[in-house]
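Q:
Residue numbers (this note's numbering), protein chains in the order written: chain C, 582 to 857; chain P, 582 to 857.
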């Protein structure tokens with residue numbers, strides 16, 4: 582893994598950084614293919630909007646983009662995480678008078694999983710329910726204990742993700758992906774104004790393909806003709822099985838996978854894998 | 582400030598530490614007077630219980646206690662923060678196979694505020710509502726964005742704290758303290774099983790003095806004969822004013838301040854301040 586902190590090649594942050602002491606910050610995780618980050622504009626837009634909501638100064642996003650490309654240079658297919666914390670702070674929750682955000686960029690080769698994209702994944706129905714907090718909903722912030730506890734519910738490597746509902750029982754998302762379902766012929770995705778993350782892949786689908794943002798319950802998924810998860814890094818992942826229910830990969834997921842490839846985000850190293 | 586990371590005198594943690602990337606950890610903030618941490622057993626007990634809930638290995642608490650005393654040595658009155666994160670992790674929420682928690686201890690001289698303890702403090706009624714999440718409630722974990730946003734609601738230095746209610750409008754706590762109120766002659770404190778932190782000072786009061794854990798609304802506080810906040814570091818702080826309502830410091834707060842002094846946690850540097 583290649584790491585930089587505040588645009589210097591180092592892997593350490595201050596133990597007094599509010600990212601460490603309070604989870605006080607944001608992150609983006611993106612895919613860079615052969616030196617291009619096709620969805621960067623959406624990552625930058627979310628980071629900018631979320632920094633505003635958290636009352637944090639935003640570093641120059643073009644400079645961030647340059648750092649993303651610098652650290653992923655030479656990698657055919659990379660996953661890059663950009664973390665923006667509020668920086669070093671004194672004791673106490675009050676905002677620093679002179680805030681100097683910390684920027685961490687980490688790049689690593691992307692592990693391939695073409696089988697997941699082609700055949701679909703098995704999903705665990707998580708017991709943990711997401712708390713409803715509109716002041717934090719939608720943001721990819723650093724307060725991720727709910728996701729950590731949800732992900733700890735299963736160890737079976739054959740299960741790739743977990744379905745999360747909110748405290749009222751409504752479907753929200755997966756631990757690290759958004760969810761879409763085709764119900765009665767219509768593409769639906771849950772709202773993320775009470776909990777969950779407004780994913781970049783979700784935003785791309787809403788803009789390029791369209792979907793209705795609507796609340797539904799897990800039982801409604803049994804009526805779905807197809808269900809899939811979306812992630813800026815992993816792309817479009819058909820859900821093959823959830824509990825006792827099973828779906829084949831459907832035409833909407835396939836169409837969106839084709840859209841992803843046209844964006845410059847093909848199924849990871851698909852040709853290479855087939856050569857093996 | 583004196584800092585140690587994993588019992589070495591350094592102030593840096595890895596940028597890949599899950600404390601920084603996910604707020605995946607816990608902390609304790611305690612007061613050490615002349616080399617003694619009177620409530621250490623309660624801090625150790627909470628850390629132990631919370632580490633169990635977060636599925637984190639717990640370092641030897643006697644060794645932690647030793648580190649707290651080492652870093653506060655020579656300080657008459659110190660505030661010490663102990664942070665326990667899940668340590669360095671790979672990408673993704675899954676628990677590390679070989680978890681090695683990070684321990685950060687930070688000690689600083691305690692800033693005195695005898696006026697707050699003697700005359701009481703003014704409290705802001707926060708607009709932010711705490712989300713209800715029983716899986717995280719009670720713990721002093723590193724996901725503190727709600728507290729950061731709540732504390733950002735006021736800048737007036739004459740206001741010392743903020744009152745927080747949950748999403749159903751019930752009183753929970755302050756941004757960094759628990760709350761007690763005497764209503765109809767009975768000492769009450771809100772439950773912390775849906776949100777809020779089970780404070781060490783709160784636990785001491787429940788054990789040594791007694792109080793009824795009961796839900797109530799801000800309107801009920803107008804019927805209270807006294808209201809006070811409690812903190813392991815700041816002790817017993819009478820609430821003098823909340824919005825349009827005012828209370829004098831009452832006899833229960835005074836009795837608990839005397840109990841605090843008997844524990845070895847007197848009003849900070851009270852004699853010294855009076856000599857000035």
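Ideal Cβ positions, reconstructed from N, Cα and C, are used throughout, including at glycine.
1) Are any of the Cβ atoms in chain P nearer than 9 Å to that of residue 853 of chain C?
2) Of all the options C:827, C:814, C:783 and C:817, which has the alpha carbon lying nearest to the alpha carbon of residue 803 of chain C?
3) When you compare the CB of residue 774 of chain C with every CB in chain P, is at least one pair closer than 9 Å?
4) Which two residues bound the contiguous alpha helix (DSSP H) that contains residue 801 of chain P?
5) Any chance the region 601-612 of chain P sits against the region 641-660 of chain P, with 3 or more Cβ pairs inside 8 Å?
6) Tell me the DSSP secondary structure of residue 661 of chain C in three-state form.
7) What residues from the region 695-713 of chain C come within 7 Å of chain P, judged by C-beta to C-beta, listed N to C?
8) So which of C:623, C:700 and C:722 has the shortest CA-CA distance to residue 785 of chain C?
9) Could you have a look at residue 705 of chain P and say whether DSSP puts it in helix, strand or coil?
10) How long is the line joining the alpha carbons of residue 681 of chain P and residue 666 of chain P, rounded to whole angstroms?
11) Using 8 Å for Cβ pairs, my map puts residue 770 of chain C next to residue 760 of chain C. What's the rounded Cβ distance?
12) Within 9 Å of any Cβ in chain D, is that where the Cβ of residue 838 of chain P sits?
13) How far does the alpha helix (DSSP H) with residue 644 of chain P in it extend, from its first residue to its last?
14) Could you check whether the Cβ of residue 811 of chain P sits closer than 9 Å to any Cβ belonging to chain C?
15) Should residue 601 of chain C be labelled buried (16 or more other beta-carbon atoms within 10 Å of its own) or exposed?
16) Could you check whether residue 703 of chain C and residue 685 of chain P sit closer than 9 Å to each other, using their CB atoms as the reference points?
17) State the CB to CB distance for the pair residue 662 of chain C and residue 687 of chain C, rounded to an integer number of angstroms; the pair is presumed to be in contact (CB under 8 Å).
18) What does DSSP give as the partner residue(s) for residue 761 of chain C in the beta ladder?
19) Helix, strand or coil: which one does DSSP assign to residue 676 of chain C?
20) Which of the three DSSP states, helix, strand or coil, is assigned to residue 668 of chain C?
21) Is it buried or exposed, residue 853 of chain P, if we count other Cβ atoms within 10 angstroms and call 16 or more buried?
22) Count the other CB atoms within 10 Å of the CB of residue 722 of chain C; is the residue buried (16 or more) or exposed (fewer)?
23) Determine the contact status of residue 706 of chain P and residue 799 of chain P, defining contact as a CB-CB distance below 9 Å.
24) Relative to the C-alpha of residue 654 of chain P, which candidate in P:725, P:676, P:689 and P:629 has its C-alpha closest?
25) In the region 586-607 of chain C, which residues sit with their C-beta less than 9 Å from some C-beta in chain P, listed in chain order?
26) Name the residues in the region 721-749 of chain P whose C-beta lies less than 8 Å from a C-beta of chain C; which are they?
27) So what does DSSP say about residue 632 of chain P, is it helix, strand or coil?
28) Along the chain, where does the alpha helix (DSSP H) that runs through residue 681 of chain C open and close?
29) Looking only at its chain, what residues have a beta carbon closer than 8 Å to the beta carbon of residue 582 of chain C, apart from the 5 residues adjacent to it on each side?
30) Beta-carbon within less than 7 Å of residue 821 of chain P's beta-carbon, same chain only, minus the 5 sequence neighbours each way: which residues are those?
31) Would you report the Cα separation of residue 641 of chain P and residue 657 of chain C, rounded to the nearest angstrom?
32) Got a sec, what are the start and stop residues for the beta strand (DSSP E) residue 597 of chain C sits in?
33) Please look up how many angstroms separate the CB atoms of residue 683 of chain P and residue 598 of chain P, rounded, as I've assumed it's under 8 Å.
34) Below 8 Å, how does it come out for the region 708-724 of chain P and the region 668-682 of chain P: are there three or more Cβ pairs, yes or no?
35) Using a 10 Å radius around the Cβ and a threshold of 16 neighbouring Cβ atoms, would you call residue 629 of chain C buried or exposed?
36) Answer yes or no: does any C-beta atom of chain P fall closer than 9 Å to that of residue 666 of chain C?
A: In this structure, then:
1) Any answer about residue 853 of chain C is weak, because its pLDDT of 46 lies below 50 and its placement is not dependable; what the coordinates show is given next. No, its Cβ sits nowhere closer than 9 Å to a Cβ of chain P.
2) C:827
3) no
4) 799-802
5) yes
6) strand
7) 709, 712 and 713
8) C:623
9) strand
10) 9 Å
11) 7 Å
12) Of the chains in the structure shown, none is chain D; the protein chains are C and P.
13) 642-653
14) no
15) buried
16) no
17) 5 Å
18) C:809
19) coil
20) coil
21) Confidence at residue 853 of chain P is low in this model, with a pLDDT of 47, below 50, so its placement is unreliable and no value can be given for it.
22) buried
23) yes
24) P:689
25) 586, 591, 592, 593, 594, 595, 596, 597, 598, 599, 600, 601, 602, 603, 604, 605 and 606
26) 722, 723, 724, 725, 726, 727, 728, 729, 730, 731, 732, 733 and 748
27) helix
28) Run containing residue 681 of chain C: none; DSSP gives neither H nor E here.
29) 687, 688 and 689
30) 700, 701, 702, 703, 827 and 828
31) 45 Å
32) Unbroken run through residue 597 of chain C: none, as it is neither H nor E.
33) 6 Å
34) no
35) exposed
36) yes
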